[in-house]
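Trainee: Under the working numbering, the first residue of the sequence shown is numbered 280, with each subsequent residue one higher. Every residue, glycine too, gets a C-beta built ideally from N, C-alpha and C. Next up is a structure, given as structure tokens.
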Amino acid sequence: MSNSPKKYTRITTKTLAEMKSKGEKISMLTAYDFTLSTIIDKAGIDVILVGDSASNVMAGHETTLPITLDQMIYHASSVIRGVERALVVVDLPFGSYQADSKEALRSSIRIMKESGAHAVKLEGGNQIQGSIERILQAGIPVMGHLGLTPQSIYKFGTYSVRARQGEEAKQLISDAKMLEKIGCFSIVLEKVPAKLAEEVAQKVSIPIIGIGAGGKVDGQVLVLHDMLGMSKEFSPRFLRRYLDLNHIISDAVISYSADVKSQDFPNTEEQY
Ligand code: KIV
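Shown next as structure tokens:
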């Protein structure tokens, strides 16, 4: 029964720390709505991220930049209504925390108050240290996000692997240590070399959750719609598809449409 999702009644930031110290891996997926968050929570996912990837996945934008704080709160409150066990973390969207630490705190308070979520996530290291400290001082748990930070896509120019070079790798390790020191409860490491991610996971005591960061970290996160195979175009090396939902949904719609047109649906059992 060691893999039973019922083992912890409610996942908290403390549970995640315990899991790291016991060497138990943490599972995390994104969700943006009530129906899917209910399913993945019941299936035993440890952490649900209401990611700003909703901007791509739910709204069809090319980047995560357009999604607003109000839209993130809408998604987060829908997710929260479906969750009994998982820890729910919400991304602070682009433009809701970069100006100054007061704005970062105000945005975090809105997320916590209006959605009922359990923690927030911010992208970046030393440049947003003051903002993270201020949020933490208000008693709001913070998850960091280093490596590929999609809100800075126009600065990077590409979504390619980050921190391959010595200087950037050194900076990433120093940022991770700083996030641990000021009190973040966990860090997402996105698209960095597996060896570097392993080193970070060994050097800091808080859980490191990887996406495209290899298997020697404390947990993994994927975008739910990607791992369910709903999107066909997005195929990075790190993505494992557990379903081909794109075909399954498409076949179901083709069958339904054919049944309507042939008058097979509804039959006499399916009417009042
Ligand atoms: O927004 C998101 O989905 C994320 C994950 C990719 C970590 O930040």
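#1: How about Gly404 and Ser453: do their beta carbons lie closer than 9 Å?
#2: What three-state label does DSSP hand Leu308 in the structure shown?
#3: Assuming Ala396 and Ile359 are in contact, meaning their beta carbons sit under 8 Å apart, how far apart are those beta carbons, in whole angstroms?
#4: Do Gly330 and Ser306 come within 9 Å of each other at the CB atom, strictly closer than that value?
#5: In the DSSP assignment, what are the bridge partners of Gln499?
#6: Less than 8 Å between the CB atoms is what I'm expecting for Leu295 and Ser465, so what's the real figure, rounded?
#7: Find the nearest neighbour of Ile352 within the set Leu501, Glu341, Ala333, judged by alpha-carbon distance.
#8: Do the CB positions of Leu415 and Ile490 come within less than 9 Å of each other?
#9: Pick out whichever of Lys381, Asn525, Ala448, Lys321 has its Cα sitting closest to the Cα of Ile407.
#10: Check whether the Cβ of Glu341 sits closer than 8 Å to any heavy atom of the ligand KIV, and report yes or no.
#11: Let me check understanding here. Comparing Cα to Cα, which of Leu328, Asp320, Phe517 lies closest to Leu401?
#12: Give the DSSP-derived three-state secondary structure of Gly445 in the structure shown.
#13: For Gly494, count neighbouring Cβ atoms within 10 angstroms of its own Cβ and tell me buried if that reaches 16, exposed if not.
#14: Please classify Pro420 as buried or exposed, where buried requires at least 16 other C-beta atoms within 10 Å of its C-beta.
#15: Go to Asp349, then tell me how far its beta strand (DSSP E) extends in each direction, as first and last residue.
#16: Considering Met391, what are the terminal residues of the alpha helix (DSSP H) in which it resides?
#17: Looking only at its own chain, which residues have a Cβ that is under 7 Å from the Cβ of His504, when we skip the five neighbours before and after it?
#18: Nearest CA to the CA of Met422: which residue from Pro486, Thr547, Arg443, Tyr535?
#19: Got a sec: does the ligand KIV put a non-hydrogen atom nearer than 8 Å to the Cβ of Glu469?
#20: Just tell me which of Lys321, Tyr311, Gln444, Glu478 has its CA closest to the CA of Ala338.
#21: Does the distance from the C-beta atom of Arg441 to that of Lys470 stay below 9 Å?
#22: With a threshold of 16 other CB atoms inside 10 Å of the CB of Val368, please say whether the residue is buried or exposed.
Mentor: The short version:
#1: Here residue 404 is taken as the residue at index 125 of the sequence shown, counted from 1. Here residue 453 is taken as the residue at index 174 of the sequence shown, counted from 1. Result yes, Cβ atoms of Gly404 and Ser453 sit closer than 9 Å.
#2: Residue numbering aside, residue 308 sits at position 29 when the sequence shown is read from its first letter. Looking at Leu308 - three-state DSSP - the assignment turns out to be strand.
#3: Mapped onto the sequence shown, residue 396 falls at position 117. Mapped onto the sequence shown, residue 359 falls at position 80. Contact holds; Cβ gap of about 6 Å.
#4: For the purposes of this step, residue 306 is taken as residue 27 along the sequence shown, with counting starting at 1. For the purposes of this step, residue 330 is taken as residue 51 along the sequence shown, with counting starting at 1. It is not a contact, given that the beta carbons lie outside the stated cut-off.
#5: The count along the sequence shown starts at 1 and reaches residue 499 at position 220. Ser306, Gly489.
#6: As a working note, residue 295 is residue 16 in the sequence shown. As a working note, residue 465 is residue 186 in the sequence shown. The Cβ separation is near 6 Å, so the contact holds.
#7: Translated into the one-based positions of the sequence shown, residue 352 becomes position 73. Measuring from the Cα of Ile352, the nearest candidate turns out to be Ala333.
#8: In the sequence shown, counting from the first residue as 1, residue 415 sits at position 136. In the sequence shown, counting from the first residue as 1, residue 490 sits at position 211. No. Outside cutoff.
#9: Counting from 1 along the sequence shown, the entry for residue 407 is found at position 128. Looking at the Cα atoms, Lys381 is the closest of the given residues.
#10: By one-based count along the sequence shown, residue 341 stands at place 62. It does not: the Cβ of Glu341 is nowhere closer than 8 Å to a heavy atom of the ligand KIV.
#11: Translated into positions along the sequence shown, residue 401 becomes position 122. Ranking Leu328, Asp320, Phe517 by Cα distance to Leu401 puts Leu328 first.
#12: Position 166 of the sequence shown, counting from 1, holds the residue named residue 445. DSSP places Gly445 in helix when its eight states are reduced to three.
#13: By 1-based counting over the sequence shown, the position of residue 494 is 215. The residue is exposed, with fewer than 16 neighbouring Cβ atoms inside 10 Å.
#14: Along the sequence shown, read from residue 1 onward, the residue named residue 420 stands at position 141. Its Cβ being crowded by 16 or more others within 10 Å, Pro420 is buried.
#15: For the purposes of this step, residue 349 is taken as the residue at position 70 of the sequence shown. Careful: Asp349 lies outside any beta strand (DSSP E), inside the alpha helix (DSSP H) at 348-359.
#16: As a working mapping, residue 391 is identified with position 112 in the sequence shown. From DSSP, the alpha helix (DSSP H) with Met391 extends over 380-394.
#17: Within the sequence shown, numbered from 1, the residue matching residue 504 stands at position 225. Excluding positions up to five away in sequence, the list reads Val336, Ser510.
#18: Translated into positions along the sequence shown, residue 422 becomes position 143. It is Pro486 whose Cα lies nearest to the Cα of Met422.
#19: As a first step, residue 469 is located in the sequence shown; it is residue number 190 there, counting from the start. Yes, the beta carbon of Glu469 sits closer than 8 Å to at least one heavy atom of the ligand KIV.
#20: In the sequence shown, the residue the question calls residue 338 occupies position 59. Minimum Cα distance to Ala338 is reached at Tyr311.
#21: In the sequence shown, counting from the first residue as 1, residue 441 sits at position 162. In the sequence shown, counting from the first residue as 1, residue 470 sits at position 191. Yes.
#22: Residue 368 sits at position 89 when you count from the first residue of the sequence shown. Val368 should be labelled buried.
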